[in-house]
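**Student:** My questions will all concern the structure given below.
There are 2 protein chains.
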Amino acid sequence: MALGGEDRQAAARDKILRACWELAREHGLSGFTMRQIAAAVGVRAPSLYTYFTSKHAIYDAMFAEGNAAFRDAVLAVPSSANRREQLRAAAAAFVRFCVADPVRFQLLFQRTLPGFQPSPRSYAPAVEALEAMRAAFAHVGITRPDHLDLWTALVTGLASQQLANDPAGDRWIRLTDAAADMFVALLDQAGAGRTEPGAEDL
Amino acid sequence: MALGGEDRQAAARDKILRACWELAREHGLSGFTMRQIAAAVGVRAPSLYTYFTSKHAIYDAMFAEGNAAFRDAVLAVPSSANRREQLRAAAAAFVRFCVADPVRFQLLFQRTLPGFQPSPRSYAPAVEALEAMRAAFAHVGITRPDHLDLWTALVTGLASQQLANDPAGDRWIRLTDAAADMFVALLDQAGAGRTEPGAEDL
DNA sequence: GTCTATATTTGGATAGAC
DNA sequence: GTCTATCCAAATATAGAC
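Chains as they are written, first to last, in my numbering: chain A, 976 to 1177; chain B, 976 to 1177.
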């Protein structure tokens, strides 16, 4: 194998994936074809099979890439000792991440791609992202799993409604602070400060 | 035209639509074909075009039907003078409606069907449903549009997370009461009772 | 109103030359 | 590794007989 052969492979795979994201944004997550991908990168369709064994494998790689970006976005949220500030920043970052790329949101969080199941390999970044969220929440004293679940429902709901019903506007985006504050109020009421919560009702 | 000709047409259309819902639940919203529909109702594919001009027209009819069911579900929520009880019931009814038919949820609220745009005719029931929600909220003193938007984000988020991440369980379903209570707390804090709210921040 | 037959297009994927 | 050529299957939709 020539020097840099693996790098060339990786670069080609990357070029293909970037073309796929662009095509997906233009034609929908399931609205682009192997021939279109090939045309976008300047080869013929069969050549793609040198780099990906199937179209499913391409979706799988996109899923991994999207989740890695999500994990990075979670890690990039500035950490604050103030719970309200921290959650406002987290909510804003999450909604921004989702709205920035609706197709990515659909692939990562809505799972509406018919028949698609990510491989364990591609699911790993998603686990890392969730762990990062868990750690950030623990940092401001939120440790109950059901609280985290309620949070993810709240912020994915904001993003989903924004994208589905006001894709060009900010009708739900501008509710992120209010949503975070509402959530904080629940915590303050349930937890009575910052003590470790017990088994009381959510 | 023979007596009952229109009834026969309507009955045939209805039979086709019921087959479509069943196929969609089995194979996904975009995972069934005209031939499969035809086989399910006992005719050949071309015969379907007597009742629907295209597959898009079928989706359009499904969209209208789903929204009519949603409107009816909203109207069926028992009315309570107690705000908290009312919202708990509304949240539970909404999530139940969504989880009962994931494909319907996807068609009505997620809008991920590539290229699908409902006709004005089919959109009408959706407007009626939203108006019913607005009226129910007004009944317990909630009149601000942004409050209604936050509510829809909250409950669609619960349904979406439930379907995407725990389709066989109840991990988010069991958070509906807590979500409703959290929302009520926001109202009680923002509105200071039941007086007509002004322009204060959400 | 339903059928057979088929037009037309398109999809993912493979064979084998170079 | 890339290509041409093609397989094979399937899709929506239409034409025209009955």
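Beta carbons are placed, not taken as given, at the ideal position from N, Cα and C, and that holds for glycine.
Consider the Cβ of residue 1084 of chain B: report whether some Cβ of chain A lies at a distance smaller than 9 Å.
**Tutor:** Chain A contact via Cβ: present.
**Student:** Below 9 Å on C-beta distance, what does residue 1081 of chain A contact in chain B?
**Tutor:** Chain B residues near residue 1081 of chain A: 1085, 1087.
**Student:** Indicate the three-state DSSP secondary structure (helix, strand or coil) for residue 1126 of chain B in the structure shown.
**Tutor:** Of the three classes helix, strand and coil, the one that applies to residue 1126 of chain B here is helix, per DSSP.
**Student:** Could you tell me the boundaries of the alpha helix (DSSP H) in which residue 1022 of chain A lies?
**Tutor:** Unbroken alpha helix (DSSP H) run through residue 1022 of chain A: 1020 to 1023.
**Student:** Cutting at 7 Å between CB atoms, please list the residues of its own chain near residue 1150 of chain B, excluding the five before and the five after it.
**Tutor:** Counting only Cβ-Cβ distances below 7 Å, and skipping sequence neighbours, we find 1133.
**Student:** Kindly indicate which three-state DSSP category residue 1170 of chain B falls into: helix, strand or coil?
**Tutor:** With a pLDDT of 47 at residue 1170 of chain B, under the threshold of 50, the modelled position of that residue is not reliable, and the figure given next carries that caveat. Residue 1170 of chain B: coil per DSSP, three-state reduction.
**Student:** What does a CB cutoff of less than 7 Å around residue 1048 of chain A pick up in its chain, not counting 5 residues either side in sequence?
**Tutor:** Only 1068, 1072 meet the Cβ criterion.
**Student:** On the three-pair Cβ rule with 8 Å, is the stretch 1112 to 1126 of chain A touching the stretch 1111 to 1121 of chain B?
**Tutor:** These segments do not touch.
**Student:** Using CA coordinates, which residue listed in B:1008, B:1142, B:1002, B:1126 is at the minimum distance from residue 1111 of chain B?
**Tutor:** Taking only the C-alpha atoms, the option nearest residue 1111 of chain B is B:1126.
**Student:** Are the stretch 999 to 1007 of chain A and the stretch 1044 to 1064 of chain A touching by the rule of at least three beta carbon pairs closer than 8 Å?
**Tutor:** At 8 Å Cβ cutoff, the stretches do not touch.
**Student:** With H, G and I counted as helix, E and B as strand and the rest as coil, what does DSSP make of residue 1144 of chain A?
**Tutor:** If DSSP states are grouped into helix, strand and coil, residue 1144 of chain A belongs with coil.
**Student:** Let's see if you can read the secondary structure: which residues bound the alpha helix (DSSP H) around residue 982 of chain B?
**Tutor:** Its alpha helix (DSSP H) spans residues 980 to 1002.
**Student:** Indicate whether at least one CB of chain B lies closer than 9 Å to the CB of residue 1002 of chain A.
**Tutor:** Yes, because at least one Cβ of chain B sits closer than 9 Å to the Cβ of residue 1002 of chain A.
**Student:** Looking at the secondary structure, which residues open and close the alpha helix (DSSP H) in which residue 1077 of chain B lies?
**Tutor:** 1077 to 1080 is the extent of the alpha helix (DSSP H) around residue 1077 of chain B.
**Student:** Using the Cα positions of residue 989 of chain A and residue 1082 of chain A, report the straight-line distance between them to the nearest angstrom.
**Tutor:** Cα to Cα, residue 989 of chain A sits roughly 18 Å from residue 1082 of chain A.
**Student:** At the level of alpha carbons, what is the spacing between residue 1085 of chain B and residue 1027 of chain B?
**Tutor:** Those two C-alpha atoms are separated by around 24 Å.
**Student:** Under 9 Å, Cβ to Cβ, is there at least one residue of chain A near residue 1130 of chain B?
**Tutor:** Yes, residue 1130 of chain B lies at the interface with chain A (some Cβ there is under 9 Å from its Cβ).
**Student:** For residue 1164 of chain A, which residues in chain B fall below 7 Å Cβ to Cβ?
**Tutor:** Residues of chain B passing the Cβ test: 1160.
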